[in-house]
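In my numbering, the protein residues as written are 4 to 478.
Beta carbons are placed, not taken as given, at the ideal position from N, Cα and C, and that holds for glycine.
Note that the coordinates shown come from a computational prediction; the quantities given were computed from them, not determined experimentally.
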Ligand code: NAD
């Protein structure tokens, strides 16, 4: 066995093995100890016990800074692990590692500055003679469940704020891509995180994930993944705080006064990078009629230039999907759309066993799945509009609300779009795929119920405690 289960600082065997295989060529990437549901209670009890001996904030910051430093030193090894277990093209894998370093670094600095607030007690007669302030206390043991598509940085978005906030963690990484998380946990131990603060259990969602959700001593579940699973977790755990980061059907509005070249390039890059397996991949290009032909021509040329193939190749832009099953699902959605009258402008077939060609569709109607649901594959839909009302109606015609992009040089249009788009993040002259890790990131509607970014996650992972001191001279 290559990788054990992390319990109380010790890598253990469990008697069961899970093989991790490359989505590109099915080669064996590693063998991981598979945890059983009963390990959840054990890990949680260890974590609760550990939290009785808190680590001061400055030491938590130092540990996170050390993990960031170690990760930077071993960036190439982590990048290759992401290529092997997730099939992520090496260029995108390197970018993910760099961002994970940022996430850890930002969390370290937030750990040093996290504080409560002074309450202006003399503001009402009842407060006269009192001093009051709040402190932020860790909420308790955090249960973290993460998806396959960013197996390192999204794990950092759970672990870093939890440790920064003073919470111990039981982590269940995605079962298809657990090795980056295990290697990251090794860095935390090497950086001096005492045993018990981080426990890593690998296993599938319906058994191990469900056991974590149902464990009574977990105070908070932080989940990133699909909507169906996320919302069902919230229903199963009404007494817990459940933080959900879910999917999107990301639109890009291109107005006739916008930079069509920049918009086409952003859509080609961000619609197909990692085969569209990002929650904020460009899915819908919504283009004003006057520039639609120019956009389409430029966009299709850039799409045809994308390099498709082996994710370890330095030039590859588009690699495999996570599984053959996902390829079949995506091809069936494309087929359904075609039957409904859509036109395939490019792609639409398998390029290799688990690679779907970069696919561009037009004449898609808003009610169709590829328009309002999340395709999570290398597919971009182009629609045309006449005026801003129609553009916003098309963009908002989805159950999701994570991020949207707008290309225009008109301040009026930019402001109108920013105000009327039903998305939690509106990016002007930028693609909806943009994310810097300190940003408040999260979705409205079906896309979730929280914001990540270390500072915002730490607010969720701590609770305010009010202290009132009587006998204070007010003025
Ligand atoms: P998924 O929902 O299938 O799995 C996510 C995690 O949940 C995995 O660890 C899985 O084992 C676990 N899980 C599955 N069933 C469970 C259950 N019944 N109880 C508890 N845990 C369970 O998602 P995925 O395919 O790994 O990831 C893709 C999805 O993630 C997409 O919808 C994407 O948009 C979303 N995503 C969102 C963000 C964001 O920040 N908003 C970021 C990345 C991915």
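*For the candidate residues 446, 440, 444, whose alpha-carbon lies nearest to that of residue 156?*
440
*If we count Cβ pairs, one from each stretch, closer than 8 Å, do we get three or more for the stretch 83–103 versus the stretch 211–221?*
no
*Just tell me which of 132, 243, 36 has its CA closest to the CA of residue 146.*
243
*Going by CA-CA distance only, name the one from 412, 356, 119, 159 that's closest to residue 74.*
159
_Is the beta carbon of residue 414 closer than 8 Å to that of residue 348?_
no
*Assuming residue 106 contacts residue 163 under a Cβ cut-off of 8 Å, what Cβ separation, rounded to an integer in Å, is found between them?*
5 Å
*residue 86 versus 430, 234, 24, 49, residue with shortest Cα-Cα distance*: 24
*Between residue 276 and residue 95, which are expected to be in contact by the criterion C-beta below 8 Å, what is the C-beta distance as a whole number of angstroms?*
6 Å
_Integer-rounded CB distance, given that residue 459 should sit under 8 Å from residue 443_ = 5 Å
*In the structure shown, what three-state DSSP assignment does residue 365 receive?*
strand
*asked:* the ligand NAD and residue 248: does any heavy atom of the ligand fall closer than 7 Å to the residue's C-beta?
replied: yes
*Starting from residue 349, follow its DSSP beta bridges and name the residues at the other end.*
363
*Looking at the structure shown, is residue 426 part of a helix, part of a strand, or coil, going by DSSP?*
coil
_As a quick exercise: from 407, 370, 465, pick the residue whose alpha carbon is nearest that of residue 168._
465
*Apply the 10 Å Cβ neighbour rule to residue 255 and answer buried if 16 or more other Cβ atoms are within range, or exposed otherwise.*
buried
*Residue burial classification, residue 15 (beta-carbon count within 10 angstroms, cutoff 16)*: exposed
*Would the beta-carbon of residue 182 be found less than 7 Å away from any heavy atom of the ligand NAD?*
no
*Is DSSP giving residue 59 helix, strand or coil here?*
coil
*So what does DSSP say about residue 200, is it helix, strand or coil?*
coil
_Less than 7 Å between C-beta atoms, sequence neighbours within five positions excluded: which residues of the same chain meet that for residue 193?_
73
*Grab the span of the beta strand (DSSP E) containing residue 8 for me, first residue to last.*
8–10
*Nearest neighbour of residue 17, chosen from 43, 119, 30, 262 [CA to CA]*: 43
*Which of the three DSSP states, helix, strand or coil, is assigned to residue 2?*
The chain is shown from 4 up to 478; residue 2 falls before or after that span and cannot be answered.
*Proximity to residue 81 [Cα-Cα], best of 364, 181, 388*: 181
*Any heavy atom of the ligand NAD closer than 7 Å to the Cβ of residue 212?*
yes
*Shortest alpha-carbon distance to residue 391 belongs to which of 292, 379, 31, 370?*
292
_Test item: CB-CB of residue 201 and residue 9 under 8 Å_ = yes
*Beta carbon of residue 276: closer than 7 Å to some heavy atom of the ligand FMN?*
What this structure holds is the ligand NAD, not the ligand FMN.
*With a Cβ-Cβ cutoff of 8 Å, do residue 144 and residue 214 count as a contact?*
no
*What residue from 231, 341, 36, 310 has the CA that sits closest to residue 6's CA?*
36
_Neighbour-count burial assignment, residue 76, 16 or more Cβ in a 10 Å radius_ = exposed
_Terminal residues of the alpha helix (DSSP H) in which residue 109 lies_ = 93–116
*asked:* Let me make sure I understand the geometry here. Which of 26, 13, 22 has the alpha-carbon closest to that of residue 329?
replied: 26
*Which whole-angstrom value is the C-beta distance of residue 248 and residue 453, which I expect to be below 8 Å?*
7 Å
*Could you give the uninterrupted runs of the beta strand (DSSP E) lying entirely in the stretch 303–333, keeping only those of 3 residues or more?*
none
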